[in-house]
Structure formats: structure tokens, C-alpha cells
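Right, one structure below, let's go through it.
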Amino acid sequence: MPASPIAILYLCRHGETAFNAAGVLQGAGIDPPLNERGQLQAQRLGERFHHVPLSLLVTTPLQRAKETLDQVAKYHPEVDMVVERGLGEIHWGELEGKENPDLTALFAHWEAGDFDAKTRGGESPKEVEDRVRPAMARVLEAALPSASGPPSSSIPSIVFVVHGRLLRILLSSLLEGSLSKMQSYTHHNTCVNTVEVYRQDKSKDQEGDLLAGYRFVATDLDNTTHLAGIAPPSDNPT
């Protein structure tokens with residue numbers, strides 16, 4: 002009999018901002034609110050989860066993520082919402098706030114496997130991965146029933162609202178075990194990525210990896226069917 006998942010993760014991107022629409026690089030240091038279309042996208046995302054039983058809501062410190070998740074939370078007032086700083090967007094350093102900056106050279110480094118490459122004053126994908134994995138472990142620990150407690154008949158379902166580059170890094174790290182496929186994961190505004198979590202054995206050399214005891218399987222990626230009838234959401238190249 003196949004194993005059952007121990008949790009279901011819904012990894013979503015925030016709604017559109019005016020900076021998204023204008024091609025301005027946001028990152029961790031730029032904190033605009035949702036624009037009108039972003040608010041509508043967020044409302045649709047909330048409706049998408051209206052009748053889905055949820056266990057936990059997770060956002061980042063930035064208001065574009067919080068405003069988006071608020072639209073999910075209004076249908077689930079009984080569910081706790083937590084702010085997880087470790088899941089915040091990558092810091093683009095001196096390029097943040099610039100319109101359509103040239104990232105060609107940086108992306109070439111990443112595509113060649115140099116995940117330590119970064120902008121001046123910014124973060125590298127490896128640095129982001131090093132904070133993202135412990136953050137995800139903290140969330141799972143909070144959501145999963147205690148091993149010493151009574152068994153639960155329900156599978157925890159967690160909605161995250163995070164950011165574009167963060168999603169690329171997170172999905173590649175969880176699903177591939179490395180950052181090698183980071184560029185292949187697209188992320189439209191308020192997209193939903195559905196990932197099932199399973200338990201697995203970990204080897205002795207994985208003792209320091211807090212997620213090594215979990216296996217992550219995607220069942221749906223970059224889903225925006227809830228946005229039917231709205232102008233196409235932006236697909237940010239970052």
C-alpha cells in the first residue's frame with residue numbers, strides 16, 4: 002500500500018504590485034502594497050481556498066505577501082497565521098528599486114552552477130537556501146502532530162504566501178535536492194504550487210539537514226486557474 006502524505010503545502014506567490022507591473026526589481030528591501038489587479042488576484046486566491054480545510058497560514062514580513070494571505074485568512078479566521086522571516090524574498094542589493102535591471106551576467110553564473118554569485122550588497126541563492134530550509138523545518142514542526150501526542154486523522158494543509166525568486170529557490174531545493182533547476186520554475190502572481198510531504202529515512206551524513214527526513218513531491222505547479230477572466234498575471238523573470 003503506497004505511503005500517505007503527512008502534510009500538504011500550498012506554496013503561493015503574492016499578488017501584483019505597481020512595481021511588478023513596471024518591471025521594478027523589488028526583493029527584500031522594497032515593500033510596496035498590492036495594486037488594484039493584485040488585490041483582485043488575492044481575492045481570487047482567497048476564494049480558491051474557501052472550502053479547503055487548512056491548518057496553518059504562513060507569510061513573510063513584506064506587506065505584499067501579508068495582504069495576499071489576508072484574503073485567504075478571512076475564510077479561515079480560526080487558523081493561526083505566522084510570519085516566517087526565513088522565507089523572505091532574496092535581497093538583490095544595489096539593484097533593488099531599479100527598473101528592468103540587466104541580470105544576464107548574474108543569471109549566467111547561476112545557470113553554470115555558481116549559486117554563490119550575487120549582486121553587490123545582496124544575497125546569493127545558496128545563502129537564501131541556507132535560511133529557507135531551517136525555516137521550512139520550523140513550519141513543519143509547528144504544523145505536524147507531536148510524535149508523543151495522540152494520532153491525528155487529518156493531514157495538515159499549510160498555505161504559504163511568499164515571493165518569486167524565493168519560490169524558485171525553495172521548489173528547486175525541496176523537489177530536486179539542489180538549486181540546479183532553480184531557473185525552470187515559473188511563478189505568476191498568486192500562483193499555487195501544491196507539494197505533498199512524506200517521511201523518509203535519512204543517512205548519518207544528513208544529520209545536520211533539518212529537512213532530510215522529509216520527501217517532497219509536487220502534484221501541481223504554477224497553477225493560476227483561479228484567475229480566469231482576469232488579465233494575465235505577470236511572469237516576473239526574476
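For the sequence shown, our numbering assigns the number 2 to the initial residue and increments by one for each residue that follows.
For each residue, glycine too, the CB sits at the ideal point set by N, CA and C.
(request) Within 10 angstroms of the Cβ of residue 184, are there 16 or more other Cβ atoms? Answer buried if so, exposed if not. (result) Reading the sequence shown from its first residue, position 183 is the one you call residue 184. The residue is exposed, with fewer than 16 neighbouring Cβ atoms inside 10 Å.
(message) Do residue 98 and residue 61 count as a contact pair if the criterion is CB distance below 9 Å?
(response) Residue mapping note: residue 61 aligns to position 60 of the sequence shown, counting from 1. Residue mapping note: residue 98 aligns to position 97 of the sequence shown, counting from 1. No, the Cβ-Cβ distance between residue 61 and residue 98 is not below 9 Å.
(request) Taking only runs that begin and end inside the stretch 134-196, name each unbroken alpha helix (DSSP H) of 4 or more residues, in chain order. (result) 165-177
(message) Mapping the DSSP letters down to three states, classify residue 10 as helix, strand or coil.
(response) Numbered from 1 along the sequence shown, position 9 holds the residue referred to as residue 10. Looking at residue 10 - three-state DSSP - the assignment turns out to be strand.
(message) Could you compute how far the alpha carbon of residue 29 sits from the alpha carbon of residue 160?
(response) Sequence index remark: in the sequence shown, residue 29 carries index 28 (1-based). Sequence index remark: in the sequence shown, residue 160 carries index 159 (1-based). Cα to Cα, residue 29 sits roughly 20 Å from residue 160.
(request) Tell me where the beta strand (DSSP E) around residue 224 begins and ends. (result) To locate residue 224, count along the sequence shown from 1; it is residue 223. From DSSP, the beta strand (DSSP E) with residue 224 extends over 215-224.
(message) Buried or exposed for residue 162, going by 16 or more other Cβ atoms inside 10 Å?
(response) Position 161 of the sequence shown, counting from 1, holds the residue named residue 162. By the 10 Å Cβ count, residue 162 comes out buried.
(request) With DSSP collapsed to three states, give me the class of residue 238. (result) Taking the first residue of the sequence shown as 1, we reach residue 238 at position 237. Reduced to three states, the DSSP call for residue 238 is coil.
(request) Would you mind sorting residue 21 into buried or exposed? The rule is 16 or more other CB atoms within 10 Å of its CB. (result) Position 20 of the sequence shown, counted from the first residue, corresponds to residue 21. Flag for residue 21 reads buried.
(message) According to DSSP, is residue 73 part of a helix, a strand, or is it coil?
(response) The residue you call residue 73 lines up with position 72 of the sequence shown. Residue 73: helix per DSSP, three-state reduction.
(message) Considering Cα atoms alone, identify which of 32, 140, 93 is closest to residue 64.
(response) Your numbering for residue 64 matches position 63 in the sequence shown. Among 32, 140, 93, the Cα nearest to that of residue 64 is on 32.
(message) For residue 83 and residue 59, which I take to be in contact (beta-carbon distance under 8 Å), what is that distance rounded to the nearest angstrom?
(response) Your numbering for residue 83 matches position 82 in the sequence shown. Your numbering for residue 59 matches position 58 in the sequence shown. Indeed they touch by this definition, with Cβ atoms about 6 Å apart.
(message) What does the Cβ neighbour count give for residue 52, buried or exposed, with the cut at 16 atoms within 10 Å?
(response) Here residue 52 refers to the residue found at position 51 of the sequence shown. Burial call: exposed.
(message) Can you list, in chain order, the residues of its chain with a C-beta nearer than 6 Å to that of residue 203? Leave out the 5 residues immediately preceding and following it.
(response) Numbered from its first residue, the sequence shown carries residue 203 at position 202. The answer, listed in chain order, is 213, 214.
(request) Compute the beta-carbon to beta-carbon distance between residue 223 and residue 191, rounded to the nearest angstrom, for a pair I have assumed lies under 8 Å. (result) The residue given as residue 223 occupies position 222 in the sequence shown. The residue given as residue 191 occupies position 190 in the sequence shown. Going by Cβ atoms, the distance from residue 223 to residue 191 rounds to 11 Å, so no, they are not a contact pair.
(request) Classify residue 21 as helix, strand or coil using the three-state DSSP reduction. (result) Position 20 of the sequence shown holds residue 21. Residue 21: helix per DSSP, three-state reduction.
(message) Using only CA atoms, which one of 145, 85, 206, 66 lies nearest to residue 165?
(response) Numbered from its first residue, the sequence shown carries residue 165 at position 164. Looking at the Cα atoms, 66 is the closest of the given residues.
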